[in-house]
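Read through the structure below, which is laid out as C-alpha cells, and then see the notes.
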Amino acid sequence: MRALAILDGLIASASGEQATIPACPQSSAKTELSRDTEPAPTKPRAPRVEPGKKPKPATEASPVDQASKAKLVKEKTVLADASQPTETSSSLDLTPTMLLYQSDTYLFSCTATVLAVRPQENGSSWSIALDETCFHPQGGGQPSDCGTITRIDIDSPIAVSMVKKDPSGIVWHECAEDPKVTAGTKVRCTVDEAFRRKNARLHSAGHLIDVAMARAGCSLRPTKGYHFSPGSYVEYEGKLDASDRDTLLPKVQAEIEELIAAAIPTEVVPQQPVSEAGVVRVVSVGGQACPCGGTHVKDTKELVGVKVEGIKTKGKVTRVSYSMID
C-alpha cells in the first residue's frame, strides 16, 4: 500500500592532447525539485497602473513588430549545417534523444550523431543536440552530468558543463566554446565517471531513506528529493513532534545500515503502466518502487556511508537531511 501511495504521490508531481575538463558543476542554487518534475514557471507580473488612470487596452502587435520578433527567434537557433537556413527549435522536428544512461548507469561513453547546434542567448556558449546520449540532464532533483564531446575524426574534446532536456525530449549539451560540428557529424560522448557515480549514489540514497523511514514506523508520504551535494534531503508531507524526530533518527539510520548490508538489487522497469499517468519508468531501490528517470546504483551495498544528518519539521513539511561519505 505504501508503494502505491508513493507512486501516486510522485506521479502527481540523462591534436593528440586531451583538453582540460573543468571541475564538474556543484549547483549552489537550492532549487527544490520533485523527483521527476521541474520547477513551475514563474507567472508574469500584471502591468502597474497609476492611481486615477485607466489601464491601457491590450493591442495586437503590428505586422512589422511580428516580423521583427520572428527574425529574432530565428537568429537564436541555428542548424548545425551553416549552409542551411536557420530555424526555431520547434520547427526542427527532431526525434527525441535516446537516453542511454537509463538502461546503464555505468555507461560512461558512447558514440552519437549531431542533430543540431545552437548558440545560447548569452552569446558565449553553444548547445548540441544528439540522437542519443549517455549524459544525464539536470532534473528530477539530480545534477547534470559533465564531461566531453569529441569529433570522431578530430581528437579535440570540447568540455560539456551542463546538460538539459527540453519538453520535446531533445537533450542539449552545453559547451563554452564553438564545437565546430555540423548536423550528421559523428561524435564520442565521455561522461565524468567519478561525478556520475557520486550522483547515482546520492540519488539512490534518497530512495533508500524512504524505505528506512517506512521500516522505522514513519507513515509520512515522501514528496520531494534534492540529491545535490552538499545539502541532500528528502521531504515528506506532514509534521513530527521534536520528541518523535529525536527517536526516529537513530531508527532510520539503523534501518539504512540493515538495508545496505542486505545488498538488495536495484530493479528498473523501463515502461510501467501506472495509474492515470500512462507509461513511466519505475525504479525499485531497497525493494520499494518509485517513478524515476535518474541514475542509480546496482544494489544497496554501494550505499555504504549514507548518514542521516537531521530530521526537521517546518509547517506541514518534514525534511530528512543526509550526506554520503565518498
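FYI, in full-length UniProt numbering the residues of the sequence shown are 1 to 326.
C-beta atoms are modelled at their ideal positions from N, C-alpha and C, and glycine is treated no differently.
Given the structure is predicted, the values throughout are model-derived calculations rather than measurements.
Give the C-beta separation of Ile209 and Leu248 to the nearest angstrom, bearing in mind that I take them to be a contact with Cβ-Cβ under 8 Å.
Position 209 of the sequence shown, counting from 1, holds the residue named residue 209. Position 248 of the sequence shown, counting from 1, holds the residue named residue 248. No, Ile209 and Leu248 are not in contact; Cβ-Cβ is about 11 Å, not under 8 Å.
Outcome for Ala70 when other beta-carbon atoms lying within 10 angstroms are tallied against a minimum of 16
Start at 1 with the first residue of the sequence shown, and residue 70 comes out as number 70. Residue confidence is low: Ala70 scores 41 on pLDDT, short of 50, so the model does not pin down where it sits. Its coordinate-derived value is still stated next. With fewer than 16 other Cβ atoms within 10 Å, it is exposed.
Helix, strand or coil at Thr295 according to DSSP, with G and I counted as helix:
Position 295 of the sequence shown, counting from 1, holds the residue named residue 295. Of the three classes helix, strand and coil, the one that applies to Thr295 here is coil, per DSSP.
Which residues does DSSP pair with Tyr226 in a beta bridge?
By one-based count along the sequence shown, residue 226 stands at place 226. BP columns for Tyr226 point to Tyr233.
Integer Cβ distance of Ser323 from Glu309, believed to fall under 8 Å
On the sequence shown, position 323 is the one that residue 323 refers to. On the sequence shown, position 309 is the one that residue 309 refers to. At roughly 6 Å, the Cβ-Cβ gap stays under 8 Å, so Ser323 and Glu309 are in contact.
Out of Pro119, Val320, Asn122, Asp326, point me to the one whose CA is closest to Leu220's CA.
Counting from 1 along the sequence shown, the entry for residue 220 is found at position 220. Answer by Cα proximity: Val320.
State the CB to CB distance for the pair Val114 and Val181, rounded to an integer number of angstroms; the pair is presumed to be in contact (CB under 8 Å).
Taking the first residue of the sequence shown as 1, we reach residue 114 at position 114. Taking the first residue of the sequence shown as 1, we reach residue 181 at position 181. Indeed they touch by this definition, with Cβ atoms about 5 Å apart.
Nearest-angstrom Cα distance between Gly184 and Thr111?
The residue given as residue 184 occupies position 184 in the sequence shown. The residue given as residue 111 occupies position 111 in the sequence shown. Between Gly184 and Thr111, the C-alpha separation is close to 12 Å.
Does the region 91 to 106 come within contact of the region 163 to 175, defined as at least 3 CB pairs closer than 8 Å?
The region 91 to 106 is in contact with the region 163 to 175.
When DSSP labels each residue in this structure, what does Gln288 get in the three-state scheme?
Mapped onto the sequence shown, residue 288 falls at position 288. DSSP places Gln288 in strand when its eight states are reduced to three.
For the alpha helix (DSSP H) that Ala242 lies in, which residues bound it at each end?
Indexing the sequence shown from 1 puts residue 242 at position 242. 242 to 261 is the span of the alpha helix (DSSP H), which, as asked, contains Ala242.
To the nearest angstrom, how far is it from the Cα of Pro137 to the Cα of His173?
Against the sequence shown, residue 137 aligns to sequence position 137. Against the sequence shown, residue 173 aligns to sequence position 173. Going from the Cα of Pro137 to the Cα of His173 covers about 8 Å.
My understanding is that Glu267 touches Ser284, with C-beta atoms under 8 Å, so please give their C-beta distance in whole angstroms.
As a position in the sequence shown, residue 267 is number 267, starting the count at 1. As a position in the sequence shown, residue 284 is number 284, starting the count at 1. With 8 Å as the limit, Glu267 and Ser284 qualify as a contact, their Cβ atoms being about 4 Å apart.
So Val306 and Ala205 are supposed to be a Cβ contact under 8 Å. How far apart are they, rounded?
Within the sequence shown, numbered from 1, the residue matching residue 306 stands at position 306. Within the sequence shown, numbered from 1, the residue matching residue 205 stands at position 205. Contact holds; Cβ gap of about 5 Å.
Over what stretch of residues does the alpha helix (DSSP H) that includes Lys198 continue unbroken?
Along the sequence shown, read from residue 1 onward, the residue named residue 198 stands at position 198. 193 to 215 is the span of the alpha helix (DSSP H), which, as asked, contains Lys198.
Here's the rule: buried if 16 or more other CB atoms are within 10 angstroms of the residue's CB, otherwise exposed. What is Pro222?
On the sequence shown, position 222 is the one that residue 222 refers to. So Pro222 counts as buried.
Below 7 Å between beta carbons: does that hold for Arg118 and Ser124?
Indexing the sequence shown from 1 puts residue 118 at position 118. Indexing the sequence shown from 1 puts residue 124 at position 124. No, they are not a contact pair.
Exposed unless 16 or more other CB atoms sit within 10 angstroms - verdict on Thr95:
Position 95 of the sequence shown, counted from the start, is the residue given in the question as residue 95. By the 10 Å Cβ count, Thr95 comes out exposed.
Would you mind giving the Cβ-Cβ distance between Gly141 and His207, rounded to the nearest angstrom? I have them listed as a contact below 8 Å.
Within the sequence shown, residue 141 is the residue found at index 141, counting from 1. Within the sequence shown, residue 207 is the residue found at index 207, counting from 1. Their Cβ separation, rounded to whole angstroms, is 11 Å, which puts Gly141 and His207 out of contact at 8 Å.
Quick one: measure Cβ to Cβ for Cys189 and Ile158, integer angstroms, because I've assumed they're closer than 8 Å.
One-based indexing of the sequence shown puts residue 189 at position 189. One-based indexing of the sequence shown puts residue 158 at position 158. About 11 Å; that fails the 8 Å criterion.
What would DSSP say about Lys180, mapped onto helix, strand or coil?
On the sequence shown, residue 180 is found 180 positions in, with the first residue counted as 1. Here Lys180 sits in coil by DSSP.
Taking the alpha carbon of Asp145 as the reference point, which residue from Cys175, Ala116, Gln120 has its own alpha carbon closest?
The residue labelled residue 145 in the question sits at position 145 within the sequence shown. Selected option, being the one with the closest Cα: Cys175.
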